[in-house]
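The structure under discussion appears below in the form of structure tokens.
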Amino acid sequence: MDFSLRKLALAVGCLLFTGQLLAASAEPKRPECIAPASPGGGFDLTCKLVQSALVNEKILSKPMRVTYMPGGVGAVAYNAVVAQRPADAGTLVAWSSGSLLNLAQGKFGRFDENAVHWLAAVGTSYGAIAVKNDSPYKTLDDLVAALKKDPSKVVIGSGGTVGSQDWMQTALIAKAAGINPRDLRYVALEGGGEIATALLGGHIQVGSTDISDSMPHILAGDMRLLAVFSEQRLDEPEMKNIPTAKEQGYDIVWPVVRGFYLGPKVSDEEYAWWKNAFDKLLASEEFAKLRDQRELFPFAMTGPELDTYVKKQVADYKALAKEFGLIQ
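The sequence shown begins at 7 in the numbering used here and counts up one residue at a time.
Following this line, the structure appears as structure tokens:
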């Protein structure tokens, strides 16, 4: 080999080796995924999905731990990370479309949608209206008829208070039926896990939730869905018999995108490591199988593309919130 070529090969080899060392050293030492709600709901599902997948794809050498920080459907976790752990590159926090809706209404306090590094969206679910299996309500029309008769007699459990994503789903139904959404009787709960517990315990009659949270209970025979807020029936064997709101005459579609963000002072290099990790993950067939097992549908977006999407969604949600008189 020519001496100059030998030098070039050696230099390239050193660069590759150095790159491998940098990649290895960039792996967070104690990775953690914060689910900003109680165990058992959609945030928990989102964290546990990537907990498994990142190890399966050998992106992390050991599983990240999942911790829970309920409060304000994400507000407590958002404020804690931005104010107290802004540079912690090992801390991912799960978010959903509901988080963006709350941000649009200023429910996360002094921090807005520009306060964090939006990292990745890994899948989507759809909003749904759930009842116990023995409920007298068989269709959305049955529920609407009961609400028109006396809205105070139907207790609806939702994740968060007035203005939350779950509230918005039933508010849209009420609006379509000519019912004042403010007349509905709500119980504010902390995520899908608490909604399912309250519904199955008979403390509420209706759960405004999403299909991913509900499927384990549906498959167990404890729960039914009156409607799913998707464009058309979902092409999954266990979901194909669940009617959409649209086919029942209520033109409502509500996707529930799920993903992760990082603190605002995480370095560009650390952010890039995670972005590359999720780009690899989202292209994996094995990840697609894990996502499907958790009743999530494809929605893959990272980095600047995701940041643009989030900012647009927040703007759209602000317009919807103004329509319902939730903000000025």
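Every residue gets a Cβ at the ideal spot worked out from N, C-alpha and C, and that includes glycine.
Between which residues of its own chain and Ala-15 is the CB-CB distance below 7 Å, once the five residues before and five after are set aside?
As a first step, residue 15 is located in the sequence shown; it is residue number 9 there, counting from the start. Unreliable placement is indicated for Ala-15, whose pLDDT of 46 sits below 50; the coordinate value is still reported in the next sentence. The answer is none, since no qualifying residue turns up.
So what's Thr-73 in DSSP terms, helix, strand or just coil?
Translated into positions along the sequence shown, residue 73 becomes position 67. Strand at Thr-73.
Between which residues of its own chain and Arg-300 is the CB-CB distance below 7 Å, once the five residues before and five after are set aside?
Here residue 300 corresponds to residue number 294 of the sequence shown, with the count starting at 1. Answer for Arg-300: Leu-51, Leu-55 and Ser-218, listed in chain order.
I'd like to know whether the C-beta atoms of Ile-201 and Ile-258 end up nearer to each other than 8 Å.
Looking up residue 201 in the sequence shown gives position 195. Looking up residue 258 in the sequence shown gives position 252. Against a cut-off of 8 Å, the Cβ pair of Ile-258 and Ile-201 comes out as no contact.
DSSP state of Pro-157 mapped onto helix, strand, coil
Working through the sequence shown from its first residue, we reach residue 157 at position 151. Helix, per DSSP.
For the ligand FMN, I want to know if Lys-252 counts as a neighbour, meaning its beta carbon is within less than 7 Å of at least one of the ligand's heavy atoms.
In terms of ligand content, the structure shown is empty, and the ligand FMN therefore cannot be addressed.
If you check the beta carbons only, do Ala-327 and Gly-80 fall under 8 Å apart?
Reading the sequence shown from its first residue, position 321 is the one you call residue 327. Reading the sequence shown from its first residue, position 74 is the one you call residue 80. No, they are not a contact pair.
Mapping the DSSP letters down to three states, classify Thr-176 as helix, strand or coil.
Working through the sequence shown from its first residue, we reach residue 176 at position 170. Note: Thr-176 maps to helix in three-state DSSP.
Going by DSSP in three states, Tyr-84 sits in which element: helix, strand or coil?
Here the question's residue 84 lines up with position 78 in the sequence shown. Helix at Tyr-84.
For Lys-317, the first and last residue of its enclosing alpha helix (DSSP H):
On the sequence shown, residue 317 is found 311 positions in, with the first residue counted as 1. From DSSP, the alpha helix (DSSP H) with Lys-317 extends over 309–329.
Would you kindly work out how many angstroms separate the C-alpha atoms of Asp-313 and Pro-142, rounded to a whole number?
In the sequence shown, the residue the question calls residue 313 occupies position 307. In the sequence shown, the residue the question calls residue 142 occupies position 136. Each residue's alpha carbon lies about 44 Å from the other.
In chain order, what are the residue ranges of uninterrupted beta strand (DSSP E) at least 3 long that sit wholly in the stretch 236–296?
261–268
Which residues in the same chain have their Cβ closer than 7 Å to the Cβ of Asn-62, if we skip the five residues on either side of it in sequence?
The residue given as residue 62 occupies position 56 in the sequence shown. Excluding positions up to five away in sequence, the list reads Glu-292.
Check whether the stretch 128–137 touches the stretch 213–227, taking contact to mean three or more Cβ pairs, one atom from each stretch, closer than 8 Å.
yes
I'd like to know whether the C-beta atoms of Tyr-132 and Ser-290 end up nearer to each other than 8 Å.
Here residue 132 refers to the residue found at position 126 when the sequence shown is read from its first residue. Here residue 290 refers to the residue found at position 284 when the sequence shown is read from its first residue. Contact: no.
To which residues does DSSP link Phe-117 through a beta bridge?
Counted from its first residue, the sequence shown places residue 117 at position 111. According to DSSP, Phe-117 bridges with nothing at all.
Contact under 8 Å by Cβ, Leu-268 with Leu-125:
By 1-based counting over the sequence shown, the position of residue 268 is 262. By 1-based counting over the sequence shown, the position of residue 125 is 119. Going by C-beta atoms, Leu-268 is nearer than 8 Å to Leu-125.
Contacting residues, own chain, Cβ-Cβ under 6 Å from Gln-175 (five flanking each side not counted)
Residue 175 sits at position 169 when you count from the first residue of the sequence shown. Same-chain partners within the cutoff: Gly-133, Ser-214 and Trp-260.
Are the CB atoms of Leu-288 and Ala-306 nearer to each other than 8 Å?
As a first step, residue 288 is located in the sequence shown; it is residue number 282 there, counting from the start. As a first step, residue 306 is located in the sequence shown; it is residue number 300 there, counting from the start. Contact flag set, yes.
Where does His-123 sit, in a helix, a strand or coil, going by DSSP?
Reading the sequence shown from its first residue, position 117 is the one you call residue 123. Reduced to three states, the DSSP call for His-123 is strand.
Based on the DSSP secondary-structure assignment, which residues constitute the bridge partners of Lys-138?
In the sequence shown, the residue the question calls residue 138 occupies position 132. According to DSSP, Lys-138 bridges with Met-229.
Between the CA atoms of Ala-152 and Ile-210 - distance to the nearest angstrom:
Translated into positions along the sequence shown, residue 210 becomes position 204. Translated into positions along the sequence shown, residue 152 becomes position 146. Each residue's alpha carbon lies about 14 Å from the other.
Leu-190 beta carbon less than 8 Å from that of Pro-157
Along the sequence shown, read from residue 1 onward, the residue named residue 157 stands at position 151. Along the sequence shown, read from residue 1 onward, the residue named residue 190 stands at position 184. Contact: yes.
Is it true that the CB of Ile-65 sits closer than 8 Å to the CB of Lys-286?
On the sequence shown, position 280 is the one that residue 286 refers to. On the sequence shown, position 59 is the one that residue 65 refers to. The answer is yes: Cβ separation under 8 Å.
By a C-beta neighbour count over all protein chains shown, 10 Å radius and 16 as the cutoff for buried, is Arg-91 buried or exposed?
The count along the sequence shown starts at 1 and reaches residue 91 at position 85. Looking at its Cβ environment, which holds 16 or more other Cβ atoms inside 10 Å, Arg-91 is buried.
Local Cβ density within 10 Å of Gly-265, reported as buried at 16 or more and exposed below that
Counting from 1 along the sequence shown, the entry for residue 265 is found at position 259. Burial call: buried.
Phe-303 beta carbon less than 8 Å from that of Pro-187:
In the sequence shown, counting from the first residue as 1, residue 187 sits at position 181. In the sequence shown, counting from the first residue as 1, residue 303 sits at position 297. No, the pair does not count as a contact, with Cβ atoms beyond the cut-off.
Thinking C-beta only, is Leu-240 closer than 8 Å to Gln-171?
Within the sequence shown, numbered from 1, the residue matching residue 171 stands at position 165. Within the sequence shown, numbered from 1, the residue matching residue 240 stands at position 234. Against a cut-off of 8 Å, the Cβ pair of Leu-240 and Gln-171 comes out as no contact.
Cβ-based burial, Gly-47 [other Cβ within 10 Å; buried from 16]:
For the purposes of this step, residue 47 is taken as residue 41 along the sequence shown, with counting starting at 1. Buried, since its Cβ has 16 or more Cβ neighbours within 10 Å.
Quick one: Cα of Met-245 to Cα of Ser-273, how far?
Here residue 245 corresponds to residue number 239 of the sequence shown, with the count starting at 1. Here residue 273 corresponds to residue number 267 of the sequence shown, with the count starting at 1. Approximately 42 Å between the Cα atoms of the pair.
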